[in-house]
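Residue numbers (the UniProt record's numbering): 1 to 508. Okay, structure first, notes after.
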């Protein structure tokens, strides 16, 4: 549990093993310990846990979020322990990429396994403690049944839990047998009225403004949920909770923030401008969790919304904005197959133009995207990878990070096979090389001129300078190695590791 020094992008470091640094230093850099009260309750807690806490408190259940380092005293009296995670077993991207490339467990997985093996949890389990697991990575338990048994997890809740969690907890408190697995599908998703307002501050002022996404990308589990918009009154209540706890920075969460209040895929300028004006009332700086490239291009070209939102947000406290963006592929053919709605309202055949135009708009308005790119999409061909390389060349002049990820079977593609290093080709390696240098070249400017400005940042700046220097040295070494026998060695090593990873990552 951490706030990543108040910088959401730093959370990406928790998806990797410690590279060039001792693990303790790596964890200080990416996941510092949270501030807690005398009972070990964090001032800021993950947003998903805050929602579950609020739902239980609303139902009269005595519930609290506790930092993992302070669980011991609470477990002596607790009857139910609930855990949530974005990536329990490092099966999501980019964790799986780091693991496959380095052969070392990412720190997010290491930390979770250490937590669940703590003596105080095992002792509480022997006394009858019920354990319920959920969160965005709940699906990973289905591929890690050995850990499911080892840790004594009674129930895994996969999906939005607001409608089911109170009943499950009450049954656990009554000593009843619990179902091993609960899947919350489209028809069981909570309405906006059933989703509670958080009672305590969320990490980095995170506030959800909508759920679901109408773009229907086939690889994304969010498309399996209905689209719902929070009214501004509800959003303001959560911002007030965060501000009252002393938070001065916030993140607006949606799968595509420019679709808040939209009519289908048509932006609602009034709703968006009111939303950002409201956010600026409570926060000095505001970030977005996700946006789409087509959304940026269309909103600016039709309504000048990017300019108008920047005019609301930028002042003496803020002059840039960070966000995660799905680039996914440079292949028009694959885009048609897996994400035809990603380019809408533009034809998917113009995907390269949409990407470049959107990044130009973002560059001009000092919006910094962390672009995610998927390798190993089912039916991927050499021509598809060549188109991705061409697109990477076209966007190298735009301020951004590009993070390559291996395909993970989720959403409508959950029956497909995951991609790992044993199927890596020279073209995959070239895509990863271009991503690496793009990110290193722009990353230094983003980190030192934008991310780590202001007093108190000197220690982290020094660590980051050393980290960048180390990574650049290693990158040059890796380039030379890949040019000789490196790719074949990687494939052999991946094949050897495949058996160990099979239950966690592969579908046969």
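Glycine is no exception: its CB is placed at the ideal position from the N, C-alpha and C atoms.
- Per DSSP, the continuous alpha helix (DSSP H) segment holding residue 313 begins and ends at 305–313.
- Following the DSSP letters along the chain, one finds residue 206 inside the beta strand (DSSP E) bounded by residues 206–208.
- Considering only 448, 374 and 285, the residue with the shortest C-alpha distance to residue 243 is 285.
- Following the DSSP letters along the chain, one finds residue 167 in no beta strand (DSSP E) but inside the alpha helix (DSSP H) bounded by residues 165–173.
- Here the C-alpha atom of residue 240 lies approximately 28 Å from the C-alpha atom of residue 169.
- Judged by their CB atoms, residue 267 and residue 55 are not nearer to each other than the 8 Å cut-off.
- The Cβ atoms of residue 9 and residue 30 lie no closer than 8 Å to each other.
- Each residue's CA atom was taken as its position, placing residue 425 and residue 180 some 40 Å apart.
- Distance from the CA of residue 253 to the CA of residue 415, rounded to the nearest whole angstrom, comes to 28 Å.
- Counting the other Cβ atoms within 10 Å of the Cβ of residue 62 gives fewer than 16, which makes it exposed.
- For residue 74, the secondary structure class from DSSP, reduced to helix, strand or coil, is helix.
- A direct Cα-Cα distance of roughly 9 Å separates residue 331 from residue 381.
- As computed with DSSP, residue 211 is found in a beta bridge with 228.
- Of all alpha-carbon atoms in 447, 212, 376 and 392, the one lying nearest the alpha-carbon of residue 262 is that of 212.
- If you check the CB distance, residue 192 and residue 164 do not come in under 8 Å.
- Taking C-beta atoms as the reference points, residue 440 and residue 471 count as a pair closer than 8 Å.
- In this model, residue 370 and residue 76 are separated by some 43 Å (Cα to Cα).
- Contact between the stretch 346–359 and the stretch 382–396 is present, with at least three C-beta pairs closer than 8 Å.
- With a beta-carbon spacing of about 18 Å, residue 15 and residue 143 fall beyond the 8 Å limit used to define contacts.
- The DSSP-derived three-state label of residue 91 is coil.
- Here residue 287 carries a strand assignment [DSSP, helix/strand/coil].
- The stretch 108–124 makes contact with the stretch 79–93, as at least three CB pairs between them are under 8 Å.
- Sorting 235, 273, 283 and 297 by C-alpha distance to the C-alpha of residue 265 places 297 at the top.
- Leaving aside the five residues that flank residue 66 on each side, the residues in its chain whose CB is nearer than 7 Å to its CB run, in chain order, 40, 41 and 74.
- Less than 8 Å separates the beta-carbon of residue 401 from that of residue 442.
- It is roughly 36 Å from the alpha-carbon of residue 134 to the alpha-carbon of residue 399.
- A direct Cα-Cα distance of roughly 45 Å separates residue 388 from residue 199.
- Here the alpha carbon of residue 458 sits roughly 35 Å from the alpha carbon of residue 137.
- Assigned with DSSP and collapsed to three states, residue 249 falls in strand.
- Counting along the chain, no beta strand (DSSP E) covers residue 27; the unbroken alpha helix (DSSP H) around it starts and ends at 23–30.
- Non-local beta-carbon contacts of residue 6 in its own chain, meaning distances under 7 Å to residues more than five positions away in sequence, involve 204 and 249 in chain order.
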